[in-house]
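Undergrad: Input: one structure, supplied below.
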Amino acid sequence: MDKIEKTDAEWRAQLSDLAYRVTRRHGTERAGSHEAFPDVAGRYHCICCDAPLFDQAAKFESGTGWPSFFAPLNPEAVGETEDRSFFMRRTEVHCARCDAHLGHVFPDGPPPTGLRYCMNGVALRFRPKAG
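Just so we're aligned: 1089 in our numbering is position 2 of the sequence shown, and the numbers increase by one with no gaps anywhere.
Here it is, written out as structure tokens:
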């Protein structure tokens, strides 16, 4: 997958104010503030570059107020970096294709991975499975 790079002005023109703040400036939307995604088969894509990131089958209700998944669609779809902001040590998750900030991953998820990819809903676009 080819890397996508755009200027700050191009990202601002493409995204809503909130999506820009979250994905390009490493922000976080308020818990529970994003509309619920449908509970049907499909995939979650990056709001910035449309790369497929997560499958509905990996989504679970974490009780956190953010969409949560136990695994990405494939390991190469997302990248991880250490985040030491707000006096915490967390693992940030970003889109491997365009470097959009998506959320964080924590080691308290369900089987089979034990991981919780806690994503900002505004960073994702849901696409129902065709057919």
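The beta carbon of each residue, even a glycine, is placed where N, CA and C say it ideally should be. Bear in mind the structure is a predicted one, so any value in this text is a computation, not a measurement.
Return the chain-ordered list of same chain residues with a C-beta closer than 7 angstroms to the C-beta of A1145, the five sequence neighbours on each side being excluded.
TA: F1156, F1157, A1158
Undergrad: Could you pull the DSSP bridge partners for C1185 from this structure?
TA: DSSP output for C1185 lists no bridge partner at all.
Undergrad: From L1140 to R1212, what does the alpha carbon distance come to, in whole angstroms?
TA: 10 angstroms
Undergrad: What's the gap between the Cα of R1117 and the Cα of Y1107?
TA: 15 angstroms
Undergrad: To which residues does DSSP link Y1131 through a beta bridge?
TA: Looking at the DSSP assignment, Y1131 forms a beta bridge with F1141, F1213.
Undergrad: So is N1207 buried or exposed if we call it buried at 16+ other beta carbons inside 10 Å?
TA: With 16 or more other Cβ atoms within 10 Å, it is buried.
Undergrad: Since T1178 and H1191 should fall inside the 8 angstroms C-beta cutoff, what is the C-beta to C-beta distance between them, to a whole number of angstroms?
TA: Yes, T1178 and H1191 are in contact; Cβ-Cβ is about 6 angstroms, under 8 angstroms.
Undergrad: Report the three-state DSSP secondary structure of D1170 (helix, strand or coil).
TA: strand
Undergrad: Leaving out five residues on either side along the sequence, give the residues of the same chain with a beta carbon under 6 angstroms from the beta carbon of D1170.
TA: Here the set comprises R1177, E1179.
Undergrad: Can you find a heavy atom of the ligand ADP that lies under 6 angstroms from the Cβ of W1098?
TA: As far as ligands go, the structure on display features none, and thus does not contain the ligand ADP.
Undergrad: Taking K1216 and A1138 to be in contact with their CB atoms under 8 angstroms, please state how far apart those CB atoms are, rounded to whole angstroms.
TA: Between A1138 and K1216 the Cβ distance is about 17 angstroms, and since that is not below 8 angstroms, they are no contact.
Undergrad: Taking buried to mean at least 16 other C-beta atoms within 10 Å of its own C-beta, is R1184 buried or exposed?
TA: buried
Undergrad: Using CA atoms only, rank isn't needed, just tell me which of A1187, P1197, P1194 is closest to T1110.
TA: Here the closest residue by C-alpha is A1187.
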